[in-house]
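Trainee: Just dropping this structure here.
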Amino acid sequence: MAEPFRLRSLLDYRRQLEDEQMRALAEVTAEEQRVRDAIAALDRHREDQTAALAALMTSGTFDAGGYTQRASYLEAIGIELDQQVAALEAAAARVSEQRAALVEALKDRRVLERLRDRQAAEAAIEDGRQEARVVDDMTTSRHQRTQ
Numbered sequence: 525m526a527e528p529f530r531l532r533s534l535l536d537y538r539r540q541l542e543d544e545q546m547r548a549l550a551e552v553t554a555e556e557q558r559v560r561d562a563i564a565a566l567d568r569h570r571e572d573q574t575a576a577l578a579a580l581m582t583s584g585t586f587d588a589g590g591y592t593q594r595a596s597y598l599e600a601i602g603i604e605l606d607q608q609v610a611a612l613e614a615a616a617a618r619v620s621e622q623r624a625a626l627v628e629a630l631k632d633r634r635v636l637e638r639l640r641d642r643q644a645a646e647a648a649i650e651d652g653r654q655e656a657r658v659v660d661d662m663t664t665s666r667h668q669r670t671q
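Per the working numbering, the very first residue in the sequence shown carries number 525; after that it's consecutive.
What follows is the structure, given as structure tokens:
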């Protein structure tokens, strides 16, 4: 009979680490998507404000205060976009790090699973050999009794 896998608790721990890495990857991926969505919204808003500024310029009457206010607002949107792009780069780096950590966790688990499978196969072969020995012994003893 095959003995149980001695490193079962370590394999379970590796699976737990893998699950944690998957959750962490999902979190940083979601954060990256939120930043992408924020950039897209800011970009649309900047386009709208640029169109409004262009409409103000072509309206026929020049409003210096309105122009200055919209131009300042567009500059603030540009600054916010730059900050969001930097946040996106940082989020992409975190996603890359988490993905690499997940790959390592997967490798660690697979190594232990291969070891477990190899030990199980070796145990099955040994069980087969022991069974063959028992059958051989029984056959030998029967043969000796019949003579």
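The beta-carbon is built from N, C-alpha and C at its ideal position, and this holds for glycine as well.
In this text the structure is predicted, and so the values were computed from the model without any measurement.
1. Looking at the structure shown, is Ser620 part of a helix, part of a strand, or coil, going by DSSP?
2. Is the Cβ-Cβ distance between Gln573 and Tyr591 less than 9 Å?
3. Counting pairs of beta carbons, one from the segment 555 to 564 and one from the segment 609 to 629, are three or more of them closer than 8 Å?
4. How long is the line joining the alpha carbons of Ala600 and Leu577, rounded to whole angstroms?
5. Can you tell me whether Glu542 is buried or exposed? The criterion is at least 16 other CB atoms within 10 Å of its CB, across all chains shown.
6. Am I right that Asp567 and Leu626 are in contact with their C-beta atoms under 8 Å? What's the rounded C-beta distance?
7. If distances are taken between C-alpha atoms only, which option among Asp660, Ala648, Leu549 and Lys631 comes closest to Ser620?
Mentor: The answer reads as follows:
1. Position 96 of the sequence shown, counted from the first residue, corresponds to residue 620. Note: Ser620 maps to helix in three-state DSSP.
2. The residue you call residue 573 lines up with position 49 of the sequence shown. The residue you call residue 591 lines up with position 67 of the sequence shown. No, the pair does not count as a contact, with Cβ atoms beyond the cut-off.
3. yes
4. Taking the sequence shown and counting its residues from 1, the one referred to as residue 600 is at position 76. Taking the sequence shown and counting its residues from 1, the one referred to as residue 577 is at position 53. The straight-line gap from Cα to Cα measures roughly 14 Å.
5. To locate residue 542, count along the sequence shown from 1; it is residue 18. The residue is buried, with at least 16 neighbouring Cβ atoms inside 10 Å.
6. Here residue 567 refers to the residue found at position 43 of the sequence shown. Here residue 626 refers to the residue found at position 102 of the sequence shown. With a Cβ gap of about 31 Å, Asp567 and Leu626 do not count as contacting.
7. Locating residue 620 in the sequence shown gives position 96, counting from the first residue. The candidate whose alpha carbon is nearest that of Ser620 is Leu549.
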